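Each residue of the sequence shown is one higher than the one before, counting from 18 in this note's numbering. Positions of the beta carbon are idealized from the N, C-alpha and C atoms, including for glycine. Since the model is a prediction, treat every value here as computed from it, not as a measurement. Encoded as structure tokens, the structure appears first; notes follow it.
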Amino acid sequence: MYTLQPRVCISSSRSSISPKAARLSHQKASTGKPYFREIQEHLSSKLGEASNAMNSTYQQLLDSFVDHTFTFKCQPLRPTESNFAPVDEIGEITRVIEIEGEIPADFPEGVYIRNGGNPLYGGLQSVSSIFGQSHNIWVEGEGMLHAVYFCKSNNSTWSISYNNRYVQSETFRIEKERQKPCFLPPAMLIASVLNTLRFRKVMKSMSNTSVFEHAGRVYAASEDDVPHEVDLHNLSTLGSWPCSGGVYGKLSYLTSTTS
Numbered sequence: 018m019y020t021l022q023p024r025v026c027i028s029s030s031r032s033s034i035s036p037k038a039a040r041l042s043h044q045k046a047s048t049g050k051p052y053f054r055e056i057q058e059h060l061s062s063k064l065g066e067a068s069n070a071m072n073s074t075y076q077q078l079l080d081s082f083v084d085h086t087f088t089f090k091c092q093p094l095r096p097t098e099s100n101f102a103p104v105d106e107i108g109e110i111t112r113v114i115e116i117e118g119e120i121p122a123d124f125p126e127g128v129y130i131r132n133g134g135n136p137l138y139g140g141l142q143s144v145s146s147i148f149g150q151s152h153n154i155w156v157e158g159e160g161m162l163h164a165v166y167f168c169k170s171n172n173s174t175w176s177i178s179y180n181n182r183y184v185q186s187e188t189f190r191i192e193k194e195r196q197k198p199c200f201l202p203p204a205m206l207i208a209s210v211l212n213t214l215r216f217r218k219v220m221k222s223m224s225n226t227s228v229f230e231h232a233g234r235v236y237a238a239s240e241d242d243v244p245h246e247v248d249l250h251n252l253s254t255l256g257s258w259p260c261s262g263g264v265y266g267k268l269s270y271l272t273s274t275t276s
């Protein structure tokens with residue numbers, strides 16, 4: 018009598034893809050990713066260029082509209098305003114040679130600094146357009162610092178120097194770069210809108226009211242913008258006060274030391 022024994026058939030299954038084909042497929046996938054990334058970067062670059070071109074065209078149209086609609090003109094000073102006529106910027110420390118009178122022996126060494134309006138383009142500006150007309154008054158004008166330095170030598174001889182320099186706010190740099198008045202006076206409602214669209218600022222920053230010290234630093238300020246830090250040694254503008262984590266916005270700087 019025979020007994021049937023089950024037989025187990027073991028077959029070795031082979032992959033349908035050869036190792037060589039698998040390597041080629043992997044190589045194609047790996048080379049395809051950098052190519053796809055290159056296409057993405059190229060498209061991103063072209064979209065950025067198109068966006069910049071559109072923004073540039075938009076700004077040019079705004080500038081052209083303002084230039085053809087608004088006319089800036091220097092307005093004459095009244096006799097009572099002659100003391101506020103603009104002066105030229107020196108921009109470097111100049112020694113004072115002739116001194117009238119005598120400096121007291123116990124006069125403290127240091128620097129006396131004054132801040133005041135000094136129109137950038139020859140005088141105060143009047144603006145006329147189909148929307149109306151506006152005039153500056155004598156308290157307006159870009160802030161200019163005037164500094165007198167008092168130094169005493171070892172033999173008690175006084176040395177006096179003078180320097181003046183504009184407070185270089187962001188709006189000052191914009192008009193300086195364009196070499197013409199750009200900001201429209203906020204007396205006209207549409208002027209505030211156009212200033213915001215063109216420069217993201219409603220009005221010009223004057224920084225022409227006062228000078229004050231805070232935390233060992235010196236700032237030039239006015240009520241239309243944040244203070245600007247200045248270097249007393251050369252009157253250069255170091256930047257605006259960031260006010261991070263504290264007070265932000267426009268403040269009043271008419272202090273007891275306002276010059």
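Between L162 and Y183, the CB-CB gap stays under 9 Å.
Per DSSP, reduced to three states, the secondary structure at L162 is strand.
A check of alpha carbon separations from T111 across P259, S257, W258 and L252 identifies L252 as the nearest.
When DSSP reads this structure, N171 sits in no beta bridge, so it has no partner. By the neighbour-count criterion, in which 16 or more other beta carbons inside 10 Å mark a residue as buried, P93 falls on the exposed side. No Cβ-Cβ contact shorter than 9 Å links G158 with F89. Nearest C-alpha to Q185 among T174, P136 and V219: P136. When secondary structure is reduced to three states using DSSP, G108 falls in the coil class, being assigned neither helix nor strand. Take W175, set aside five residues on each side of it, and the residues of its chain with a beta-carbon closer than 6 Å to its own are I120 and K169, in chain order. Leaving aside the five residues that flank V219 on each side, the residues in its chain whose CB is nearer than 6 Å to its CB run, in chain order, S209, N212 and T213. Under the three-state reduction of DSSP, V83 is assigned to helix.
Between S257 and G160, the gap from beta carbon to beta carbon reaches 9 Å or more. Taking a C-beta distance under 9 Å as the contact criterion, S143 and N153 qualify as a contact pair.
E117 carries a coil assignment under DSSP once its states are collapsed to helix, strand and coil. Under the three-state reduction of DSSP, K197 is assigned to coil, being neither helix nor strand. Nearest to L206 by C-alpha distance, out of Q76, E109 and Q150, is Q150.
Where L255 is concerned, the enclosing beta strand (DSSP E) starts and stops at T254 to S257. Just so you know, the alpha carbons of E109 and A164 end up roughly 11 Å apart. One Cα belongs to V113, the other to Q76, and the distance between them is close to 47 Å. Looking at the backbone, the Cα of S173 and that of E115 are separated by about 18 Å. Under DSSP, the beta-bridge partners assigned to A238 are S227. Contact annotation, T86 with I147: C-beta distance approximately 7 Å; criterion of less than 8 Å satisfied. Using a Cβ distance threshold of 9 Å, G127 and M223 do not count as a contacting pair. DSSP, read as helix, strand or coil, puts G134 in strand. Per DSSP, the continuous alpha helix (DSSP H) segment holding V210 begins and ends at L206 to F216. In the same chain as D242, and ignoring 5 residues on each side of it, the C-beta atoms closer than 7 Å to its own belong to S186, S222, S224 and K267, in chain order.
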